[in-house]
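Structure first, commentary second.
Number of protein chains: 2
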Amino acid sequence: MKLDARKLKILQAIINDYIITAEPVGSRTVAKKYDLGVSSATIRNEMSDLEEMGYLEQPHTSAGRVPSDKGYRLYVDKLMKVRSLNDQEAEYIKELYKTKIMQLEQVIFNTAKVLSEITNYTSVALAPQLSKVTIRHIQLVPIDKEFALLVVVTSSGILKDTVIRVPDGIDGDFLNKVSNILNDKYRGKTFSEIDLKEVSKIKEVFARNQKFFNSLVDVLTHSLRAVQDKEVYLGGTANIFKLPEFQDIFKARSFLSLLEEKDLLYDVLASSQDDGVKVSIGAENHYDEFKECSIVTATYSLGDRVLGAIGIIGPTRMEYSRAVAVMDHMGKALSSYLTKLYG
Amino acid sequence: MKLDARKLKILQAIINDYIITAEPVGSRTVAKKYDLGVSSATIRNEMSDLEEMGYLEQPHTSAGRVPSDKGYRLYVDKLMKVRSLNDQEAEYIKELYKTKIMQLEQVIFNTAKVLSEITNYTSVALAPQLSKVTIRHIQLVPIDKEFALLVVVTSSGILKDTVIRVPDGIDGDFLNKVSNILNDKYRGKTFSEIDLKEVSKIKEVFARNQKFFNSLVDVLTHSLRAVQDKEVYLGGTANIFKLPEFQDIFKARSFLSLLEEKDLLYDVLASSQDDGVKVSIGAENHYDEFKECSIVTATYSLGDRVLGAIGIIGPTRMEYSRAVAVMDHMGKALSSYLTKLYG
DNA sequence: GTTAGCACTCTCCTTTATTGAGTGCTAAAA
DNA sequence: TTTTAGCACTCAATAAAGGAGAGTGCTAAC
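Sequence order for the protein chains is A and B.
Residue 439 is where the first sequence ends in this note's numbering, and the numbering goes up by one at each step.
Residue 439 is where the second sequence ends in this note's numbering, and the numbering goes up by one at each step.
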């Protein structure tokens, strides 16, 4: 069977309608609302063909048709026209990145927030992945008698800092000495290659202050853990309730629990690390839990190095054209902001 | 009418039962399940009295009784026995505070998380309120050629740090000079008293580097904003769906939207700044939105200075005895952790 | 003061129609 | 050969009706 122009038109009409109404679309609706110049009976026949070809599905015998994942895929790849953002939205995003000083985490968090506000879907954002990044500089900075700061500058300019307590009798010179040793040893390595206990040199220096050494080990292991913590930020989790497909309390609940599984979200986002916007529709998602959702992701980078990804999660009945437009814009805006600031 | 011992016993029985079953409790249930030695008819009469006195309510004529806010209040104040935590729970909390090094925000965040896991309610935690705290030390620390760190140590030992970029040609000496000026000017002041633009001295120093000055102003204003940001951490937002009273999608949704109103949560938590555990039942809450919820809060402190509050939000049909026990324990554990670490 | 008994109320659940949107098929029209 | 009109049929959703069950309040006896 051939997928001729009329079939495509009908498919597009059905998808458009379904995205708006969330109700199965019948032949009569298509005939009336979309001016295709043929009768409902003809459309009925075509719809039957489209179902046979796998682009449409029927919830039950006497209902209209609903697009299948395959149908959406065709729509996303060939049929839809990606609109660009309207002025208001673009302005809103611009506003977000106007403040020049933000902690990196804050930037990502706010990005997720705005993303969910603009799209009305749930948004996710992956924190920059330190595991991909090497250490450029480590410095222990004395703050006052009690505290010092452990600062790690990475190859992508991202900073990680942690406050640590220092015991009495440790002065700036000592901290400098330790900093130098750490630098010698770890510059150019990744976070996961840090293994403090191996450094015999450090042990020597710390011989007279074993407690501080232990504390330092704690800090560094913790930094390490933070890297593996797979930090994921969420936005607009309550948005899901606006959608008719999640009026069922059971679905809504399982969706929300899903969002609390950070590891899962991490995997989903991390899997889309090629540059640009990516759309995963329903069962295309590797995880069963998302088989009724679509996920649109975009990467963000610092310079030409991909740092992480942002995304939105909605029902397969998603406004793809808008979603793709927003993600594309947002990914680029975030990248350019980061590059300007830390690049 | 007098609230004699038998009435109290019956009230307690009803509340206990209702907390477990979430179903209106009838006279026959009380007679059968709780051995009070009287018939259901007698209990019926007593329940009628208790309703007249305002401790019970009837959803409709032919249903059992449900405790009123006033009933719960009596229960919390007089009737319930506060159990202490079981070993497992205590162990779990201990585990949480075993790691010695955490960013303060991380500590609070994790506390909220554990709180929701243990209680199965939604938890909230107020970040330490910097507005209550004075500045002890300000230091600009050079990291490398591009970056410096602005570190603020407060009177309670809490640190606030922000990475800033420094323009070329600014060296450590210069940063030190600026640090000293800032210290002279702001030591002992609160965050809200910072008004950089007033410092003529600083302007002089910066005369030759206006851009950096502006950037510094940005950073400090931003720190300021962060203080007013009213940071609130949430845990277990999906827990609400486990409760029968939130099976109604409409209620669940409005509850979740409520949780996104950080300002509101902030007010609720900030209002309970006296030391110790506080229980707000239903309409006792200042905000209408929470009139079907109960909130149990506890403060946490550093040394003897109250820094913030943590709390759990559930239905008025809450396991008060457990909730109070957990909050009491948790508040103390968090305080002692903070005090040990930063005190 | 307590209890048994009974009429009464109100929700919840199940069963039964009824409606309406939509399909698939057939036969006629283009 | 393609399109269309017509019609029987299907199925979900909604409404109406009829118990069943849990619980109360009242009365009269213990």
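Yeah, the Cβ is synthetic: ideal placement off N, Cα and C, and Gly gets one too.
Exercise for the section: Would you mind reading off the limits of the alpha helix (DSSP H) that contains serine 275 (chain B)? Expected result: Your numbering for residue 275 (chain B) matches position 179 in the second sequence. DSSP places serine 275 (chain B) in the uninterrupted alpha helix (DSSP H) bounded by 268 to 282.
Handout entry: Cβ of alanine 334 (chain A) within 8 Å of any chain B Cβ
Key = The residue given as residue 334 (chain A) occupies position 238 in the first sequence. Yes, alanine 334 (chain A) counts as interfacial toward chain B.
Exercise for the section: Find the nearest neighbour of glutamine 184 (chain A) within the set A:Val210, A:Ala137 and A:Asp264, judged by alpha-carbon distance. Expected result: Taking the first sequence and counting its residues from 1, one reaches residue 184 (chain A) at position 88. When each option's Cα is compared against that of glutamine 184 (chain A), the closest is A:Val210.
Problem - Chain-ordered chain A contacts of histidine 233 (chain B) [CB-CB under 8 Å] - result: By one-based count along the second sequence, residue 233 (chain B) stands at place 137. Ile239 and Asp240, listed in chain order.
Exercise for the section: Check histidine 233 (chain A) in the structure and name its three-state DSSP category. Expected result: Here residue 233 (chain A) is taken as the residue at index 137 of the first sequence, counted from 1. Looking at histidine 233 (chain A) - three-state DSSP - the assignment turns out to be strand.
Handout entry: Limits of the alpha helix (DSSP H) - the one that lysine 347 (chain B) falls within
Key = Position 251 of the second sequence holds residue 347 (chain B). Its alpha helix (DSSP H) spans residues 345 to 356.
Practice task
Go ahead and pull the three-state DSSP assignment for alanine 42 (chain A).
Solution key: Here chain A covers residues 97 to 439 and nothing more, so residue 42 (chain A) does not appear.
Practice task
Select from A:Ile110, A:Asn279, A:Asp359 and A:Leu398 the residue whose C-alpha is nearest the C-alpha of serine 123 (chain A).
Solution key: Against the first sequence, residue 123 (chain A) aligns to sequence position 27. The residue with the shortest Cα to Cα distance from serine 123 (chain A) is A:Ile110.
Exercise for the section: Using the DSSP secondary-structure output, state which residues sit across from glycine 331 (chain A) in a beta bridge. Expected result: In the first sequence, residue 331 (chain A) corresponds to position 235, counting from 1. Looking at the DSSP assignment, glycine 331 (chain A) forms a beta bridge with A:Ser219.
Exercise for the section: Just mark serine 397 (chain A) as buried or exposed, buried being the case when its beta carbon has 16 or more other beta carbons within 10 Å. Expected result: Sequence index remark: in the first sequence, residue 397 (chain A) carries index 301 (1-based). Classification of serine 397 (chain A): buried, given that the 10 Å Cβ count is 16 or more.
Practice task
Pull up the DSSP beta-bridge partners for lysine 285 (chain A), would you.
Solution key: Residue mapping note: residue 285 (chain A) aligns to position 189 of the first sequence, counting from 1. None; lysine 285 (chain A) has no bridge partner.
Problem - proline 340 (chain B) (DSSP reduced to helix, strand or coil) - result: One-based indexing of the second sequence puts residue 340 (chain B) at position 244. It is helical.
Handout entry: DSSP state of threonine 412 (chain B) mapped onto helix, strand, coil
Key = Within the second sequence, residue 412 (chain B) is the residue found at index 316, counting from 1. Note: threonine 412 (chain B) maps to coil in three-state DSSP.
Practice task
Would you please verify whether the beta carbon of aspartate 257 (chain A) is less than 8 Å from any beta carbon of chain B?
Solution key: Looking up residue 257 (chain A) in the first sequence gives position 161. Judged by the 8 Å Cβ criterion, aspartate 257 (chain A) is in contact with chain B.
Handout entry: 8 Å Cβ cutoff met for leucine 132 (chain B) and lysine 103 (chain B)
Key = As a working note, residue 132 (chain B) is residue 36 in the second sequence. As a working note, residue 103 (chain B) is residue 7 in the second sequence. With a cutoff of 8 Å on beta-carbon distance, leucine 132 (chain B) and lysine 103 (chain B) are scored as not near each other.
Exercise for the section: At 8 Å on the CB atoms, spell out the chain B contacts of alanine 348 (chain A), in chain order. Expected result: Here residue 348 (chain A) corresponds to residue number 252 of the first sequence, with the count starting at 1. Here the neighbours are Phe337, Ile345 and Ala348.
Practice task
Locate the beta strand (DSSP E) running through threonine 441 (chain A), then write down its first and last residues.
Solution key: Outside the displayed range of chain A (97 to 439) lies residue 441 (chain A), so it cannot be described from this structure.
Handout entry: Cβ-based burial, threonine 215 (chain A) [other Cβ within 10 Å; buried from 16]
Key = Reading the first sequence from its first residue, position 119 is the one you call residue 215 (chain A). It counts as buried.
Problem - Chain-order list of residues whose beta-carbon lies under 6 Å from that of glutamine 225 (chain B) (same chain, five-residue window excluded) - result: By 1-based counting over the second sequence, the position of residue 225 (chain B) is 129. Only Gly404 meet the Cβ criterion.
Practice task
Could you name the residues that DSSP lists as bridge partners for aspartate 257 (chain B)?
Solution key: As a position in the second sequence, residue 257 (chain B) is number 161, starting the count at 1. Beta-bridge pairing links aspartate 257 (chain B) to B:Val247.
Handout entry: Residue-chain proximity (phenylalanine 287 (chain A), chain B), Cβ-Cβ < 8 Å
Key = Mapped onto the first sequence, residue 287 (chain A) falls at position 191. Cβ-Cβ to chain B under 8 Å: no for phenylalanine 287 (chain A).
Exercise for the section: Taking the CB atoms as reference points, tell me whether methionine 176 (chain A) and serine 417 (chain A) lie closer together than 8 Å. Expected result: Position 80 of the first sequence, counting from 1, holds the residue named residue 176 (chain A). Position 321 of the first sequence, counting from 1, holds the residue named residue 417 (chain A). Cβ atoms of methionine 176 (chain A) and serine 417 (chain A): closer than 8 Å.
Handout entry: C-alpha gap between alanine 421 (chain A) and isoleucine 204 (chain A), whole angstroms
Key = Taking the first sequence and counting its residues from 1, one reaches residue 421 (chain A) at position 325. Taking the first sequence and counting its residues from 1, one reaches residue 204 (chain A) at position 108. Each residue's alpha carbon lies about 19 Å from the other.
Exercise for the section: State the DSSP-derived secondary structure class of valine 364 (chain A), mapped to helix, strand or coil. Expected result: What you label residue 364 (chain A) is simply residue 268 of the first sequence in a count that begins at 1. DSSP places valine 364 (chain A) in helix when its eight states are reduced to three.
Practice task
Return helix, strand or coil for arginine 83 (chain A), following the three-state DSSP convention.
Solution key: Because chain A in this structure spans residues 97 to 439, residue 83 (chain A) falls outside the shown range and cannot be described.
Practice task
Below 8 Å CB to CB, which residues in the same chain sit around isoleucine 377 (chain B) once its five sequence neighbours on both sides are set aside?
Solution key: Stepping through the second sequence from its first residue, residue 377 (chain B) is reached at position 281. Answer for isoleucine 377 (chain B): Asp165, Tyr168, Arg169, Val172, Ser390 and Thr412, listed in chain order.
Problem - Contact set between leucine 508 (chain A) and chain B, taken where Cβ atoms lie within less than 8 Å - result: Outside the displayed range of chain A (97 to 439) lies residue 508 (chain A), so it cannot be described from this structure.
Problem - For glutamate 327 (chain B) and methionine 149 (chain B), the rounded distance between their alpha carbons - result: Taking the first residue of the second sequence as 1, we reach residue 149 (chain B) at position 53. Taking the first residue of the second sequence as 1, we reach residue 327 (chain B) at position 231. Rounded to whole angstroms, methionine 149 (chain B) to glutamate 327 (chain B) spans 42 Å at the Cα level.
Handout entry: 7 Å Cβ shell around valine 259 (chain A) - same chain, five flanking residues per side excluded
Key = For the purposes of this step, residue 259 (chain A) is taken as residue 163 along the first sequence, with counting starting at 1. For valine 259 (chain A), where only same-chain residues beyond five positions count, the Cβ hits under 7 Å are Phe243 and Leu245.
Handout entry: Cβ shell of tyrosine 383 (chain A) (< 8 Å), same chain only, five flanking positions each side left out
Key = Stepping through the first sequence from its first residue, residue 383 (chain A) is reached at position 287. So the list reads Leu360, Asp363 and Val364, once near-sequence residues are dropped.
Problem - For glutamate 187 (chain A), the three-state DSSP class (helix, strand or coil) - result: Your numbering for residue 187 (chain A) matches position 91 in the first sequence. In the structure shown, glutamate 187 (chain A) sits in a helix (DSSP, three-state: H, G or I).
Practice task
Kindly indicate which residue of B:Asp280, B:Val313 and B:Ala303 has the alpha-carbon position closest to the one of arginine 261 (chain B).
Solution key: Looking up residue 261 (chain B) in the second sequence gives position 165. Nearest C-alpha to arginine 261 (chain B): B:Val313.
Practice task
List the residues of chain B that leucine 222 (chain A) touches, going by C-beta distances under 7 Å, in chain order.
Solution key: As a position in the first sequence, residue 222 (chain A) is number 126, starting the count at 1. Residues of chain B passing the Cβ test: none, with the nearest at roughly 18 Å.
Problem - Residues of the segment 352 to 379 of chain A whose Cβ lies closer than 7 Å to any Cβ of chain B, in chain order - result: Result list: Leu352, Ser353 and Glu356.
Handout entry: Beta-carbon neighbours of valine 247 (chain B), restricted to chain A and to distances below 7 Å
Key = To locate residue 247 (chain B), count along the second sequence from 1; it is residue 151. Ordered by position in chain A, the residues that pass the 7 Å Cβ test against valine 247 (chain B) are Ile239 and Leu245.
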